[in-house]
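Number of protein chains: 2
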Amino acid sequence: MSSENPSGADNQQERPGIEQWVVGFVDGEGCFSISVVRNQGCRLGWQVQHEFSVTQAAPSRSALEELSTFFGCGYVIENQRTDNHRELLLRFSVKRRGDLVGTVVPFFEEHPLRTAKRFDFERFSTVLRKMEAGEHLTEAGLRQIAQITEQMNRRQRSRFLESSEAIRQPSRFRTSS
Amino acid sequence: MSSENPSGADNQQERPGIEQWVVGFVDGEGCFSISVVRNQGCRLGWQVQHEFSVTQAAPSRSALEELSTFFGCGYVIENQRTDNHRELLLRFSVKRRGDLVGTVVPFFEEHPLRTAKRFDFERFSTVLRKMEAGEHLTEAGLRQIAQITEQMNRRQRSRFLESSEAIRQPSRFRTSS
């Protein structure tokens, strides 16, 4: 982090309450997502993807840039999903595990969300802790992570848990105790 | 306001930064809306409706109740529009002009929004000021208000401006100078 992009702690002195603005904005528009997706380059053929994001229409670009400056990580990018929106959508996105574990998760542990989104955040941070411990590199750990993802956001069935690997070879995915 | 429901100013001492959480949450999920709707009980046959609202799924009810406590006005009600959502939606809603003019508008003037939603807020407060001055009771004033509403939110054409009264009798709706 450069001195021109102060972190949350430095920023606090310049803009009192900025942390709580960030908490409120993320309570409103933030998304903590974990996906287990096919990737033949990974040892188990599946990769765990993690992202913290906030989406806005283009006229609110400066608010997303405030988030980027505040956290000192992530990028503001064009959203590929346009859904029903007529305007260009932008997304503040943090995907690097080091940034999530080192910056984003500690911030929201210190400054808790006030909506039900905090339950998604808790599952998100649980998965990241498991990954820091290397659990996603084992079949049992990957299954646990996929089960957690089913409780997040849109509560979709995990494609990994529906896959032939997980269904046809149950003994290989049993959690070791 | 009872002492058990402290206003924003009192609340600040209990929960530092609560104002900025409110600003951030409203930047994310708030809506400032003005509608000019048919109402034969009104002098001109049209009524100006105003609402500040924040919508959440039912599991985040407590966050909406925080807003109600913070502002010391408004209600948490069930949203009648369900759209594509599977969950019950709740809405924190302030409609009374006295609450909007006396509490909501001064709060966001003192604690500005950081997204493009601030432009909607500015139009919203402009309309309320016009109403405080009685301008909505004149045809010229009503036309000005309807023109402002077309610049807000979904930027829909005003039904009032498309109505036969406004189209067929242009001279009656000309702004007096």
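In order, the protein sequence lines correspond to chains A and B. Going by my numbering, the first sequence wraps up at 177, each residue one higher than the last. Going by my numbering, the second sequence wraps up at 1177, each residue one higher than the last. For glycine and all other residues, C-beta sits at the position ideal for the given N, C-alpha and C.
Contact note: residue 70(A) does not reach chain B at a C-beta cutoff of 9 Å; the least C-beta distance is about 11 Å. Taking the C-beta atoms as reference points, residue 28(A) is found no nearer than 7 Å to residue 1017(B). Taking a Cβ-Cβ cut-off of 9 Å, the neighbours of residue 1060(B) in chain A comprise 27, 114, 115, 116, 117, given in sequence order.
DSSP, read as helix, strand or coil, puts residue 55(A) in strand.
Within the same chain, and ignoring the five residues on either side of residue 1091(B) in sequence, the residues whose Cβ sits closer than 6 Å to its Cβ are 1053, 1055, 1077, 1079. Closest option to residue 1135(B), judged by alpha-carbon separation, among 1039(B), 1032(B), 1048(B): 1048(B). Excluding five sequence positions before and after residue 23(A), the CB atoms of its chain that fall closer than 8 Å to its own CB belong to 108, 111, 112, 113, 114, given in chain order.
If you check the CB distance, residue 101(A) and residue 74(A) do not come in under 7 Å.
Per DSSP, the continuous beta strand (DSSP E) segment holding residue 1078(B) begins and ends at 1075-1078. Interface with chain A (7 Å Cβ-Cβ cutoff): residue 1020(B) is included. At a C-beta separation below 8 Å, residue 24(A) has these neighbours in chain B: 1020, 1021, 1022, 1023, 1024, 1025, 1026, 1027, 1028. Annotation: residue 42(A) to residue 151(A) spans about 24 Å, alpha carbon to alpha carbon.
Residue pairing of residue 1089(B) in beta bridges, as defined by DSSP: 1057(B). Pairing residue 1032(B) with residue 1121(B) gives a Cβ-Cβ distance under 7 Å. Under the Cβ criterion of 7 Å, residue 1102(B) is not counted among the residues facing chain A.
Partner residues in the beta bridge of residue 1050(B), as assigned by DSSP, are 1034(B). As computed with DSSP, residue 1094(B) is found in a beta bridge with 1052(B). With respect to residue 19(A), residue 58(A) sits apart: the two C-beta atoms are not nearer than 7 Å. Contact annotation, residue 141(A) with residue 103(A): C-beta distance approximately 24 Å; criterion of less than 8 Å not satisfied. Using a CB distance below 9 Å, the part of the stretch 39-58 of chain A facing chain B consists of 54, 56, 57, 58, ordered along the chain.
Bounds of any alpha helix (DSSP H) do not take in residue 1102(B), whose DSSP letter is neither H nor E.
Going by C-alpha positions, residue 99(A) is about 20 Å away from residue 63(A). Collapsing the DSSP output to three states places residue 1163(B) in coil. If you compare the alpha carbons of 116(A), 139(A), 65(A), 149(A) with that of residue 124(A), the shortest gap goes to 149(A). The closest CA to that of residue 1129(B), considering only 1026(B), 1034(B), 1065(B), is found on 1034(B). Using a CB distance cut-off of 7 Å, residue 1141(B) does not count as an interface residue toward chain A.
Counting only residues of its own chain and dropping the five nearest sequence neighbours on each side, residue 1161(B) has a CB closer than 6 Å to the CB of 1146. Counted as a single uninterrupted DSSP element, the stretch harbouring residue 1041(B) is not any alpha helix (DSSP H), since DSSP gives it neither H nor E. Taking a beta-carbon distance threshold of 7 Å, residue 133(A) does not count as an interface residue toward chain B. Here residue 67(A) is buried. Its C-beta has 16 or more other C-beta atoms within 10 Å.
Nearest Cα to residue 96(A) within the set 143(A), 158(A), 50(A): 50(A).
Its Cα nearest to that of residue 1163(B), the residue 1036(B) stands out among 1036(B), 1105(B), 1025(B), 1131(B). Counting the other CB atoms within 10 Å of its CB gives residue 132(A) a total below 16, which places it among the exposed residues.
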